[in-house]
Each structure stands twice: as C-alpha cells, then as structure tokens.
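To start, the structure under review is shown below, and the notes come after it.
2 protein chains.
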Amino acid sequence: MTTTGLSRGEQKERTRRAILDAALGLSEEGGLAALSLRQVAKEIGIVPTAFYRHFASIDELGLALVDESFAALRAMLRDARALPRDSDSRSLVVAIANQSVAALVAHAQTSERHLRFLARERLAGPAAVRDAVRQQVQLVEQELAADLAQLPATRSWSASDLAVLSNLLVNSMLAHVEELGHAAGPADVEHIATTARRQLHMVLVGTLRWDSSR
Amino acid sequence: MTTTGLSRGEQKERTRRAILDAALGLSEEGGLAALSLRQVAKEIGIVPTAFYRHFASIDELGLALVDESFAALRAMLRDARALPRDSDSRSLVVAIANQSVAALVAHAQTSERHLRFLARERLAGPAAVRDAVRQQVQLVEQELAADLAQLPATRSWSASDLAVLSNLLVNSMLAHVEELGHAAGPADVEHIATTARRQLHMVLVGTLRWDSSR
DNA sequence: TGTACATCAGTGAACGCGCGTTCACTGATGTAC
DNA sequence: TGTACATCAGTGAACGCGCGTTCACTGATGTAC
C-alpha cells in the first residue's frame, strides 16, 4: 500500500472508478461475459483479491455499469428533449431531429463506452446483466413514448403505436452510437451524424403523418 | 470409436454439424467470445482434441457460423422479396410489409439461432468474427437498397437515402428477430409479428412519401 | 498535541479447476490387388 | 470374395496457464482519549 495525499474514502472511490473504467474498456473485446476479474486487476495495477473490496462478483460490477450507462442514456435523452423553443428550423419535426442528433453526437463523445455497453450487453451479456439492460431499455422506451405523445402530430395515435415508434427510435439510436464508436476521425463522425440526422428526418417526417386509426 | 452404419465422410459431416449446432446454442449465453472448445466437445460427447479434426480454432468455427447465418439471412430476404404479384392488399407498400414480416416469422422459426448469432456477434464477437459480420451486413444493406430502388416511390431518391433507409430496415429486422427469440409462446410470437408489421407499415408508408431532393 | 488502538484497502501465497494445445495411440472404414 | 495395407476421426494422457476464491497478513489512515 502506497502513501498518497488522499483520504481512505477518496482512495477507495478512485480504485472503484478505475475498476469500472477498466471493465468498460476491456469488455469491448468480447463482451462482459468474456471478461475476467484478473484482467481488470492487472489493467489497473491491483492484486486480483483486492477486487473483492469493491464488488462481490463480476456480475455485480456489471450491474453497476448498467446503472451508470442508463444514467448516461437518460442524460442524452434529456438533452435531446431540450428543444430550443425559438428554433428557426423549417418545422418542428426537423428541429426535433436536429436536436436529437446533436445530443447523440455530444453524448457519444463523453459516454460512448457506456452507451455501447448497453447495446452490446443487451444481446450478449451474462443473464443478470442482460435482463437488467432489457428491463431498463423498456422503461426508456416508455418514457420516450410519453414524450412523443406530447407532440401535436401524435394526438390521435394509439398507445401501442407510440410504443412501436419509440422502440424503433431507441433501437436506431443505439445502432448509431455503435457506428460512432467505430468512427475513424472527426470527418467520419460528421458523416455518421449526417446520416443519422437524415434517417431521423425521414422516419419522423414520415411517421408523424401516420394515422394511428389507419 | 463406435461402429455405425455410416460412411466415414457421413460421420465426419455429422460431427461437424453437431459442433456448429452446439456452438450456436452455447454461445447464446455470453457470446462466442465466452465459448470454450471444451464446452462444445462436452456438449456433443466427443473428446476436446477431436475438435481439431474439424476446425483449426474457435475463430474458424465462428466464421463458418457467419457463413451459415448469412445464408439464412439471405434466404429470408429472398422470401421477403417474393411479393405475390396478384396481391389483394390495399397498397403495394402494405403488401411489402406483410410479405416481409411473414418471411421474418417463417425464417425466425427455422433460423432463429443463426439470425440472433449475427445480431449478437456483430457487437460482441471476437474481432475476426465481428468484422466478418459487419462486412456482410453492409453487403446485405446494399442489396436491400438496390431492391428498394426498384420501387416506384423511390424513383427520385438519392443513393445515400436509399442506403439510409436500408440500414434502418436491416437494423429493425435484426431487433425483431432478437425479440422473437425471447417469445414465450405462439401467442407472443403473433404479438411481436403484429408489432413488427405495424412498425414496418409505419416506416414504409411514411418514408416512401419521402422526397429525397428535400 | 501525543499516544494507543481500530479500521480496512490492498497484499501474497495457496487451492483446485477448466482452459487450449501437443502427441502418440486405436481401431473402424476405405482401397488395392 | 479375401487379404493386406492405408487412411483418419476420435481417444486419452499430459503440459503449462489463467481463472475465481480462501485466508492470514500488512501498514497507512482514522479515531478515542
């Protein structure tokens, strides 16, 4: 144990963060299910047994990452919702699409690994983590559906159609985050953002003309 | 080695199939990256070393599964494309959506594990497998874009907008396959199919009104 | 302020286990004559 | 058809390695007086 200027609590928190960050990075190659406690320990320079001072198991670490990741996702959605009321865009829908993609790109820079964690572990995670992600994604979809219900264009929509559109948007959003994660440089990011924007324009302009009563 | 009525070649092929099937099933829990050669061998009742008579490594097995899975995906798309020309549906777009979802449900029954394998390993697979899946998905998207370009409604669309819509459709399709994989029973399958159909109606009816020139 | 004691994050040895991979082998299937 | 030999899918022992987990420990930080 080395001497630092930090209090015991501060040092413990610092190690906990290092574990979470290392797990987030290392799980990008093969997923959380293929991650070992010893890899994490080696990465951050602690002895494997020290891991147990912070988490009871890899699964518990995974659930902590699920919590953090959904905080990031919700922060992104909060920004996406924050429409400039004095928007000079040609229509409300276009303004929504632009604002949403702006939030996506901004949060992809700070929370990219967390958001990709969700997309990945939803499909490939250990059962406990996978189920937690699925449950939380469902909640996020419900929240988004409630947002969509506020739009004038969805006045006559059924609840199930709102859910269907919300599901489409959440899935697409996570897919775009994944693409941003493989971006080669700033120019590539801009290209992906442009594509995402155009796709969202397309879907929203199209679907918001949708008549839920058929 | 037991005596069977099979020729050497037939028996070898049978073991190879058993390895592929076992890998497909076992990789559902945690992904291919968390799968071990010994698990596969134990599952099908051969000794671990016998694996090497069929594949040089787990990665090579993974690439074989990628090939099989894309054959399944392409077969599904072929059926989705096979529109009944004398359709009595209210519009061409609705007929397309219905036919596509019918193909999805039909192939989800026979190829469910292969299709879910693609969705999962595209995000969480070992690097070699992940890259192979991504490359093939891109090709499938291009093929679908070429299909979409045949529709009267896309006559004025740009190539990039066709690609954007194609990307949306492929992502959504894989998401629906994933949901079908967790269906509880026949009633649940029907519910998911209904949702998928409605979503596809929504998107196609909406976007095919889209004016690519803005 | 100084001292004596408690706390507890991180250490290091040790364990049994499953891993991928090597190697020489066995014996049923296949083939040449 | 029968015999002698070749092929090769599957066997089983062995290896060194990384795994999760246990346990008693160390020594800096924190606290009571």
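Quick mapping for you: the protein sequence lines, in order, are chains A and B. All the letters of the first sequence, read from the start, carry residue numbers 768 to 981 under my numbering. All the letters of the second sequence, read from the start, carry residue numbers 768 to 981 under my numbering. Cβ coordinates follow ideal geometry from the N, Cα and C atoms, glycine included.
Per DSSP, the continuous alpha helix (DSSP H) segment holding isoleucine 959/A begins and ends at 953-974. Contact annotation, alanine 912/B with alanine 886/B: C-beta distance approximately 20 Å; criterion of less than 8 Å not satisfied. Where isoleucine 825/B is concerned, the enclosing alpha helix (DSSP H) starts and stops at 825-848. Taking 8 Å as the CB threshold, serine 933/A stays off the interface with chain B. Shown here, phenylalanine 818/A sits in a helix according to DSSP, grouped into three states. Leucine 804/A: member of the alpha helix (DSSP H) spanning 804-811, first to last residue. Counting C-beta pairs closer than 8 Å gives three or more between the region 890-904 of chain A and the region 886-901 of chain B, which meets the contact rule. Rounded to whole angstroms, the gap between the alpha carbons of glycine 829/B and alanine 808/B is 15 Å. Annotation: the continuous alpha helix (DSSP H) that includes glutamine 902/B extends over 894-916. Straight-line measurement puts the Cα of arginine 820/B at about 9 Å from the Cα of lysine 779/B.
Shown here is that no member of the region 805-832 of chain A has a Cβ falling below 8 Å from a Cβ of chain B. Shown here for alanine 950/B: same chain residues with a beta carbon closer than 7 Å to its own, the five before and five after excluded, namely Val956 and Ile959 in chain order. Here alanine 950/A carries a coil assignment [DSSP, helix/strand/coil]. Interface criterion met: the Cβ of glutamine 966/B is under 8 Å from a Cβ in chain A.
With respect to the 8 Å criterion, alanine 864/B and arginine 964/B are classified as neighbours on the basis of their beta carbons. Interface annotation, asparagine 865/A: not in contact with chain B, CB-CB separation never under 8 Å.
Ranked by Cα distance from valine 907/A, the options Ala838/A, Leu773/A, Glu795/A and Ala800/A are led by Ala838/A. Here the C-alpha atom of histidine 874/A lies approximately 29 Å from the C-alpha atom of tryptophan 977/B. Boundaries of the alpha helix (DSSP H) around serine 867/B: 859-891. Histidine 943/A is a Cβ neighbour of leucine 871/A, given a cutoff of 8 Å. Secondary structure note for arginine 775/B: its alpha helix (DSSP H) is the uninterrupted segment 775-793. Within the same chain, and ignoring the five residues on either side of leucine 941/A in sequence, the residues whose Cβ sits closer than 6 Å to its Cβ are Ala886.
When Cβ-Cβ separations below 8 Å define contact, arginine 783/B makes no contact with chain A.
Using a 10 angstroms sphere on the CB of glutamate 827/B, the tally of other CB atoms stays under 16, which defines it as exposed.
About 7 Å separates the Cβ atoms of leucine 947/B and glutamate 879/B, confirming a contact at the 8 Å cut-off. Below the 8 Å Cβ cutoff, chain A contributes Met969, Val972 and Gly973 as neighbours of tryptophan 977/B, in chain order. With at least 16 other beta carbons inside 10 angstroms of its own, aspartate 928/A counts as buried. Only residues of its own chain outside the window of five on either side were considered, and among them Leu793 have a CB closer than 7 Å to the CB of glutamine 806/A, listed in chain order.
In the displayed model, glutamate 796/B falls within coil according to three-state DSSP, outside both helix and strand.
Between the alpha carbons of glutamate 796/A and alanine 801/B lies a distance of about 11 Å. Put simply, of Thr782/B, Thr816/B and Ser836/B the residue whose alpha carbon is nearest the alpha carbon of arginine 901/B is Ser836/B.
Leucine 890/B has a beta carbon lying within less than 8 Å of a beta carbon in chain A.
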